Structures are given as C-alpha cells and as structure tokens.
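Each residue of the sequence shown is one higher than the last, beginning at 77 in my numbering.
Ideal Cβ positions, reconstructed from N, Cα and C, are used throughout, including at glycine.
Since the model is a prediction, treat every value here as computed from it, not as a measurement.
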Amino acid sequence: MKIEALAIQGFGKWSQFSLNNLKNWQVIAGPNEAGKSTLNAFILGVLFGFPSKAKGRNLYEPVDGSRYGGSLTVSIAKQHYKITRLDRTSSQLTVENLDNHSQIENPSAWLENQLGKMSVSEYQAIYSFDLLALEKIKKLSAQDLERLLLNLGTGQGEGWFQYAQQLDRQANQKYTVSTTGRRPINRALNAYQQDEQALQSLAGQVADFVNQEQQIQQKKDQLQAQRLDLQKQEEGLNQLSQAQKQYGLYQEAQQIQQKHLQVTVKPIDQQDYQQAQKLSLEIEALQTSINQLNQEQSQASAPPTLSATEAQQVYQMADTVQRISYLKLSLSETKAELAQIQAKFEGWIPTPLQAHERSLLIDYNKMLGITLGLNGAIILGLILHFPIWLMVLLVAGAIWQDYRCFNRYQQRQQLLARYQPLLPAAILAEQDQLQNAQRQQAQILTQTSELGQLQNELRPTIESLLAKVGIITYQEELPVLYQRLKEQAHLTQDILQGHLSDMASQQLTLLTNYQERLAALNQEIAAIFSRYQVANMANLMQGLAQYQNYQRYQQRYQDIQGQIDQEQLQVILHNIKDENSLNNQLQRGQAEVKNLTAAVQQGQKELAQLEANYQAGVTSDQYLALQQNLASQQSELTEGLIDYLSQKLSSQWIEQVLTENSAHRFPRMQAIAQEYFSQMTLDAYQQISFTSGELLVINATGQRLPIYQLSMGTKEQLYLALRLAMVKVLEDVVDLPILIDDALVNFDPQRRQQMLSLLQKLAQTHQIIYWTSQSDGDVLNSLTLG
77 MKIEALAIQG FGKWSQFSLN NLKNWQVIAG PNEAGKSTLN AFILGVLFGF PSKAKGRNLY
137 EPVDGSRYGG SLTVSIAKQH YKITRLDRTS SQLTVENLDN HSQIENPSAW LENQLGKMSV
197 SEYQAIYSFD LLALEKIKKL SAQDLERLLL NLGTGQGEGW FQYAQQLDRQ ANQKYTVSTT
257 GRRPINRALN AYQQDEQALQ SLAGQVADFV NQEQQIQQKK DQLQAQRLDL QKQEEGLNQL
317 SQAQKQYGLY QEAQQIQQKH LQVTVKPIDQ QDYQQAQKLS LEIEALQTSI NQLNQEQSQA
377 SAPPTLSATE AQQVYQMADT VQRISYLKLS LSETKAELAQ IQAKFEGWIP TPLQAHERSL
437 LIDYNKMLGI TLGLNGAIIL GLILHFPIWL MVLLVAGAIW QDYRCFNRYQ QRQQLLARYQ
497 PLLPAAILAE QDQLQNAQRQ QAQILTQTSE LGQLQNELRP TIESLLAKVG IITYQEELPV
557 LYQRLKEQAH LTQDILQGHL SDMASQQLTL LTNYQERLAA LNQEIAAIFS RYQVANMANL
617 MQGLAQYQNY QRYQQRYQDI QGQIDQEQLQ VILHNIKDEN SLNNQLQRGQ AEVKNLTAAV
677 QQGQKELAQL EANYQAGVTS DQYLALQQNL ASQQSELTEG LIDYLSQKLS SQWIEQVLTE
737 NSAHRFPRMQ AIAQEYFSQM TLDAYQQISF TSGELLVINA TGQRLPIYQL SMGTKEQLYL
797 ALRLAMVKVL EDVVDLPILI DDALVNFDPQ RRQQMLSLLQ KLAQTHQIIY WTSQSDGDVL
857 NSLTLG
C-alpha cells in the first residue's frame with residue numbers, strides 16, 4: 077500500500093488541507109507545533125478509526141469547527157482507491173475505486189484485509205515509531221532491553237513484554253517465599269494456621285451443634301410442607317368461594333325467572349299513561365266546576381247594592397284612579413327607556429362625564445403625542461449631540477410629561493372601565509342620553525312615591541265598598557277594582573234582578589259547555605282504558621307499575637347472566653348437589669385452612685425457639701464462629717493463591733511464548749538487521765548473534781558484546797535495525813507505509829546521515845513518510861509545513 081495523497085476536511089489545526097503526489101520516500105519538515113504529529117495521527121485515524129473519547133487523550137477536534145475527518149488516496153496492486161472516513165463519533169467509512177469509479181461494498185472488511193487484519197497497536201509496534209519509543213529504551217535495564225529486542229519478532233512483543241512485567245510485579249506484591257514475609261498471602265497463611273490449631277482443640281464440642289442443626293433442618297422441612305399444604309388449601313378455598321358466588325347468582329337468576337318472568341306483562345306506553353293522567357285531572361276539574369255552578373244556581377239571590385251617597389263617593393274617585401293609571405303608564409315607559417340605555421353597558425348606567433373627564437377622552441392623544449415627541453427629541457439629541465443644558469431641559473420635560481401622561485392614562489383606564497364596553501367616541505356620543513337618563517331616574521323616584529301614596533289612600537275605601545256588595549278582592553290592580561266598583565254604583569235593585577237572570581242564563585250555557593267537554597274527555601280516557609283492558613285510572617297505574625317491575629327484573633336477570641361463567645357453572649352444577657352441600661364444603665375448607673394456619677404458626681414458634689437455643693449455644697461456645705471464620709479465611713486464601721499463581725504463571729507463559737516466537741522468526745530478521753545495523757554504525761558492528769536465549773553483537777575486531785555494554789545511541793540504532801528488518805520480513809505478507817515521527821532527533825550528524833541513507837534505500841521498495849523538525853539539506857522529496 078502506498079499513500080499518494082491526503083485531504084483533510086477538519087482534524088486538529090488542519091482544515092481544508094491537502095498533500096498530493098506523495099513519494100515512496102517522503103520527508104515532511106516543519107518546526108514544532110507545525111502540525112506534523114497531527115498529520116501522522118490523521119493517517120492512523122483514516123486507516124484504523126479515529127480516537128474515541130478518553131481522559132487525557134487528544135481527540136483532534138477541528139479548531140475552526142469544520143466537519144471532522146478526511147480521505148487518503150492510496151495505490152494497491154496498481155489500483156487506485158480513495159479511503160474516506162468522516163465524523164469521530166458514528167464514523168462513516170467509504171472506499172471508492174478511482175479507476176472504475178465504483179464504491180467498495182463492506183468497506184470496513186475490505187480495509188481490514190488490506191491492512192493484514194492488524195490493529196492500530198500492532199501497526200504502531202511494527203510500522204510506526206517516534207522519539208517516544210526511543211526514549212523508553214533509555215529507561216530499561218540491560219536485561220529488559222535484551223528481552224524487548226528479542227521479542228520484536230512477535231510484532232506486538234513490546235506490549236506483551238510490558239504486560240508480563242506488570243503481572244509479575246503484581247504477583248510479587250501478594251506473596252513471597254520468605255518465612256517472615258508480611259505480604260497479604262503470607263499474613264493470611266499465618267492467621268489460618270493459628271485458627272486451625274484453635275479449631276482442633278474445640279472439635280469435641282461440635283456434636284451438640286450438629287444435632288441442633290439437624291433438628292432445625294427437620295423443622296424447616298416440616299414447616300415448608302405445611303406451608304405448601306396451606307397454600308393448596310387456600311387455593312381450593314378460593315375456588316369454593318368463587319363457586320359459592322357463581323351458584324348464588326345462578327339461584328337468584330332462577331328465582332327471578334320463576335317468580336317474575338314466567339308471565340309476560342303487557343307493556344304500557346308511558347305517554348299513554350301521562351295522557352290518561354292529564355285527562356283524569358281535567359275531568360276532575362270540570363266535575364268540580366259543574367258542581368260549583370249547580371250550587372250557585374240553587375243559591376242565587378239579589379245581591380246587595382250601594383247607597384246613593386256611596387255611589388256619589390265612587391264617582392268622585394275617578395280623577396284619582398285616572399292619575400294612578402297615568403303614573404303607572406309613565407313609569408312603565410320611563411323604565412323601558414332606561415332599560416334600553418342600560419343594555420349598552422356592563423352593569424348599572426354610569427353617571428354622565430364631568431368636564432375634566434371629557435377632557436381626558438378628548439385631549440389624551442394630544443398629550444401622548446407630546447410625550448412621544450419629547451422622548452424622540454431626547455433620542456435625536458443623543459444621536460446629534462445636543463448641548464448638555466438642552467438635554468437636561470429635554471429630560472426634565474420628558475420626565476414631567478411622562479408622569480402626567482401616566483396619571484392621565486390610569487384615570488382614562490378607570491373611566492373606560494366605568495363605561496365598558498364602549499369606546500371613547502361612543503362614550504362622548506352617549507352623554508346626552510345619560511343626562512336624560514339621570515333626569516328620568518329622578519322622575520321615577522318622584523312618581524313612585526306619589527303612586528304609592530295614592531294607592532295607600534284609595535285601596536282601603538274601594539275594598540270596603542266592594543265587600544259591602546259581596547265582591548271579594550284578590551289583590552287585583554286598583555284600576556280593575558275601581559272599574560268593578562263603578563259598575564256596582566250604576567246598578568239599581570231592578571237592574572240587579574235583571575242582571576241576576578242574565579247571570580243564570582250564562583251559568584246554564586257554561587254548564588252545558590262543561591258537560592259536553594266532560595263527555596268528550598270521558599270518551600277519550602275510556603279509549604285508553606280499553607286499549608290496556610283496565611276499568612279506571614287506578615288499574616292503569618297498577619298495570620304501569622307491574623310493567624316497570626317486570627322490566628327491572630328482566631334487566632337484573634340479564635346482568636346476572638353476564639356475570640356468570642357458564643363453563644364454571646356447568647362444573648359447579650355437576651359437582652354440587654345443592655347450596656347446603658356447597659356451604660358444607662366451604663365450611664370444611666375454612667376449618668382446614670384455619671387448622672393449617674395454626675399449625676404453621678406453631679411450627680414457626682418452635683423453629684424460632686430451636687434457632688434461639690442454637691444461637692445461644694453458638695454464643696457461649698466459640699467453635700462455630702471459629703469454624704466459619706476458618707472457612708472464610710480458607711476461601712480468601714484460596715482466591716489469593718489462585719490470583720498469585722495466575723499472575724505468576726501468566727507472566728512466565730507470556731515470556732516463554734515471546735521467546736519461542738522470537739527465536740522462530742529471528743533468524744529471518746537477523747541477516748537483514750545485521751546489514752542495517754552495520755550501515756548505521758559505519759561498520760563498527762558487523763554481526764548480531766542470538767544463541768542460548770542471549771542477544772550479542774560482534775564488532776569489527778570480532779569481540780562479542782552483550783547489550784548492556786553498548787552506548788545509548790548504539791542501543792537505539794540496534795532497536796531501529798531490528799524494527800526495519802521486521803518490516804522487510806513481513807513485506808511478502810503485508811506491505812504498509814512506514815511512519816517515522818522525528819525519531820532521529822538525538823542521532824549525531826554522521827549517524828543521522830547514515831540512517832537517512834538507509835531509509836532512502838529501503839524506500840525503493842517500501843513507502844516511508846518521515847516527519848522532522850530539522851533541516852536535512854539536500855534530502856530529496858521534502859515538503860515544508862508553515
């Protein structure tokens with residue numbers, strides 16, 4: 077795989093940035109903080125996925141808010157592809173074949189195959205190294221450095237090597253073979269041995285506790301069996317209760333059907349009943365009127381009359397009665413006019429406007445305009461920089477005008493509320509009518525007072541005279557009473573006799589009409605009685621009551637049928653003879669539940685007593701506590717030893733596997749590494765030897781030197797030689813770019829130049845992207861970042 081170009085939409089400090097025509101040997105130079113490491117992280121992010129959120133980890137969020145991500149253009153087996161990865165969370169990966177412009181299906185699996193199924197940590201352990209990796213070498217002991225160099229052949233040996241060291245340290249913190257050790261497992265072993273000796277001395281006292289434990293367990297088993305039996309009995313009792321309810325509903329339905337639904341009751345229309353009831357009342361009233369007319373005819377005689385003086389007194393009342401009628405008519409008309417005015421308002425008729433109130437409605441808009449003008453002048457003065465004395469005058473005038481306008485506004489709102497819902501123009505238009513209404517209200521008070529006084533003076537006299545001629549008054553209006561009294565004043569005895577004859581004739585005519593109407597009503601109600609085959613209203617009422625009862629029982633029967641589970645009812649009827657049998661079963665079940673409940677309660681008491689005795693024995697004797705403590709210690713000790721052995725053996729196993737893997741791959745790396753190491757050291761060292769698990773280097777004089785005798789710079793060069801040899805060995809399997817981030821900063825100029833020459837030679841068959849902050853003179857294919 078060769079990276080030919082990169083394009084960043086947003087990643088750290090880079091935004092809308094691209095590099096094109098990248099070579100097999102590509103140097104990217106720039107000072108510190110130029111963004112070299114950010115470009116390195118971007119390449120790793122596109123290939124393996126962007127970093128997830130973690131404490132202290134650089135997420136490279138775009139500084140200018142651009143969309144996160146970008147793309148790499150790569151060539152693989154003479155085919156060109158564009159790998160695009162966007163967004164850090166919910167990342168979107170696409171791969172496009174640029175030769176045929178097609179999209180790769182399942183881009184994640186495709187990219188994983190092209191990367192040899194490596195993880196990012198495996199890639200960094202082989203193809204990517206920086207100054208930090210070389211700085212770690214300086215902190216390792218000679219033995220650890222040798223083990224690290226030997227394990228390079230495993231690809232991810234450095235990480236496994238560090239993990240094995242961590243496991244070994246953790247195991248040593250838990251246990252030591254020293255007899256005086258104070259580590260956790262050593263202390264636990266000593267405590268366990270002491271408690272075990274104490275337990276053996278108390279072994280003879282365990283028999284009593286064992287016997288008590290057996291009794292408690294037997295009682296628990298017995299109690300559990302009783303509880304299960306009680307649960308079963310309660311379920312059966314619940315079923316019997318449900319059966320009793322269902323059987324009771326069934327019996328009620330049977331009784332209703334047998335007693336109330338066997339005979340169909342003829343329905344009676346409610347409207348017919350109401351019509352008959354109305355006719356009955358009307359017939360009763362007509363019969364009463366007929367009886368009263370017959371009685372009046374039998375008792376008819378000449379009524380008493382007024383004397384001449386009394387008749388003259390009646391005529392003199394005419395003007396007063398006429399005045400009363402006029403006052404009533406006038407009051408009625410005036411009240412009607414006031415009602416029309418009051419309908420325009422919400423509530424009582426408001427009082428007319430005073431002069432200052434009229435001014436509030438008319439002049440408020442002018443005042444508001446002046447207020448707005450002063451405020452606008454202040455704003456204009458601020459913009460045009462009026463003199464300070466003028467601004468002070470304007471502000472003072474505006475404050476005073478605002479205060480006056482606010483007070484007028486509140487008064488105006490109160491005024492509008494009084495005349496709600498009228499608007500100001502309508503309020504002004506209604507003032508004439510309100511003035512008139514005020515006068516009419518005063519007129520009503522005067523006329524009402526006069527009317528009451530006249531009526532109080534005249535009514536007793538009129539009622540007294542009417543009573544004399546046998547006319548009973550019923551609080552009629554005074555003009556009506558006066559009219560009746562006036563008719564009596566015109567009557568003489570002869571006239572009264574003629575009037576009496578006319579009255580008798582009228583009564584006879586009225587009696588005939590009443591009798592004809594009574595016959596028609598009797599015929600109509602008889603038709604209703606015939607329709608329902610009853611003789612009178614009482615029978616009709618009784619029939620309606622029977623029909624309503626029939627409807628109620630029928631509705632109750634239907635409701636019961638809806639509550640009955642027919643399948644359950646059939647089972648109940650099949651298993652139960654009668655209600656007494658069901659009740660007997662229910663009583664037996666209740667008695668059984670009661671007995672079982674009492675037995676369970678008694679068993680619980682006995683169990684509590686046994687456990688109390690058992691606990692008392694344990695409290696007085698330390699055996700059980702010591703036994704439990706010893707078991708806990710044994711469990712904790714076992715867990716600690718398992719952890720210790722797991723960590724110790726895992727560490728040894730990892731080191732063994734790493735050594736075997738390295739020994740298997742190291743011969744293939746050895747020849748290549750020797751060539752690279754010799755060139756980097758200017759032939760000061762010519763061979764790398766690995767025998768009997770020991771790594772040695774041989775100098776130009778043939779001297780065999782162990783790793784710890786080498787200088788720090790030589791150790792770094794040996795480390796790089798083995799890393800590059802590993803890349804060379806793997807190129808037949810997977811060919812990926814090498815990323816070097818300023819790893820040569822501590823090399824002296826001569827060895828640095830040798831290292832750069834070696835890298836350029838390796839770049840003939842393998843792409844190398846080298847980031848550096850140093851100027852390398854005439855190094856080819858160098859790009860400089862601002």
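Tell me the rounded alpha-carbon separation between I520 and K411.
8 Å
So, is I455 buried or exposed, given that buried needs 16 or more other C-beta atoms within 10 angstroms?
exposed
Local conformation of P782 per DSSP, three classes
strand
Residue from F421, W476, V471 whose Cα sits closest to the Cα of R494:
F421
Identify, in the order they occur along the chain, each residue of the same chain with its Cβ nearer than 7 Å to the Cβ of E526, setting aside the five sequence neighbours on each side.
L403
Beta-carbon proximity of Y626 to H336, cut-off 8 Å
yes
In chain order, which beta strand (DSSP E) runs of at least 3 residues are fully inside the segment 650-683?
none
Which residues in the same chain as N116 place their Cβ atom closer than 7 Å to its Cβ, once the five residues preceding and following it in sequence are excluded?
L815, D817, W847
Please confirm if the segment 87-95 is in contact with the segment 790-797, defined as three or more CB-CB distances below 8 Å between the two stretches.
no
Who are the Cβ neighbours of L316 in its own chain at under 8 Å, not counting the five residues just before and after it?
L658, Q661, L662, G665
Simplified DSSP assignment, three categories, for Q496
coil
Rounded distance between the beta-carbons of G111 and L861, thought under 8 Å:
6 Å
Give every residue of the same chain whose Cβ lies closer than 7 Å to the Cβ of I152, excluding the five residues on either side of it in the sequence, and list them in chain order.
M77, Q190
Would you check if the distance between the CB atom of L355 and the CB atom of L616 is smaller than 8 Å?
no
What would DSSP say about Q338, mapped onto helix, strand or coil?
coil
Take A560 and list the residues in its own chain whose beta-carbon comes closer than 7 Å to its own, dropping the five residues that flank it on each side.
Per the sequence shown, residue 560 should be read as Arg rather than Ala. So the qualifying residues of the chain are L542, I547.
Can you name the residues that DSSP bridges to S858?
V103
Whole-number beta carbon distance between G86 and S166, since they are thought to touch under 8 Å
So it is not a contact: roughly 16 Å between Cβ atoms.
Please state whether DSSP places L148 in a helix, a strand or coil.
strand
Return the bridge partner residues of T160 from the DSSP annotation.
S147, T170
Going by CA-CA distance only, name the one from T524, S581, Y690 that's closest to S408.
T524
Sorted by chain position, which residues of the same chain lie with C-beta nearer than 6 Å to S365's C-beta, five sequence neighbours on each side aside?
Y590
Simplified DSSP state of Y323, which is helix, strand or coil:
helix
Residue environment, P463, which counts as buried when at least 16 other CB atoms sit within 10 Å:
exposed
For Q168 and A749, what's the separation of their Cα atoms in angstroms?
40 Å
Say whether the segment 171-187 touches the segment 98-105, bearing in mind that this needs 3 or more beta-carbon pairs closer than 8 Å, one atom from each stretch.
no
On the criterion of 16 or more Cβ atoms from any shown chain inside 10 Å, does W90 qualify as buried, or is it exposed?
buried
Buried or exposed: where does L221 fall if 16 or more other Cβ atoms within 10 Å of its Cβ makes it buried?
Because L221 sits at a pLDDT of 49, beneath the cut-off of 50, its placement in the model cannot be relied upon, and the following sentence gives the value as read from the coordinates. Buried, since its Cβ has 16 or more Cβ neighbours within 10 Å.
Between the segment 667-683 and the segment 323-337, are three or more C-beta pairs nearer than 8 Å?
no
Smallest Cα separation from T537: which of A603, V339, V390?
V390
From D570 to E372, what distance separates their C-alpha atoms?
Confidence at D570 is low in this model, with a pLDDT of 48, below 50, so its placement is unreliable and no value can be given for it.
If you run the structure through DSSP and keep just helix, strand and coil, what is D635?
helix
For E751, tell me which candidate among K129, Q514, A797, L135 has the shortest Cα-Cα distance.
A797
Looking only at its own chain, which residues have a Cβ that is under 7 Å from the Cβ of K672, when we skip the five neighbours before and after it?
For the record, residue 672 in the displayed sequence is Leu; it is not Lys. Answer for L672: Q302, D305, L306, Q309, listed in chain order.
Simplified DSSP assignment, three categories, for E80
strand
With DSSP run on the structure shown, which of helix, strand or coil describes E770?
strand
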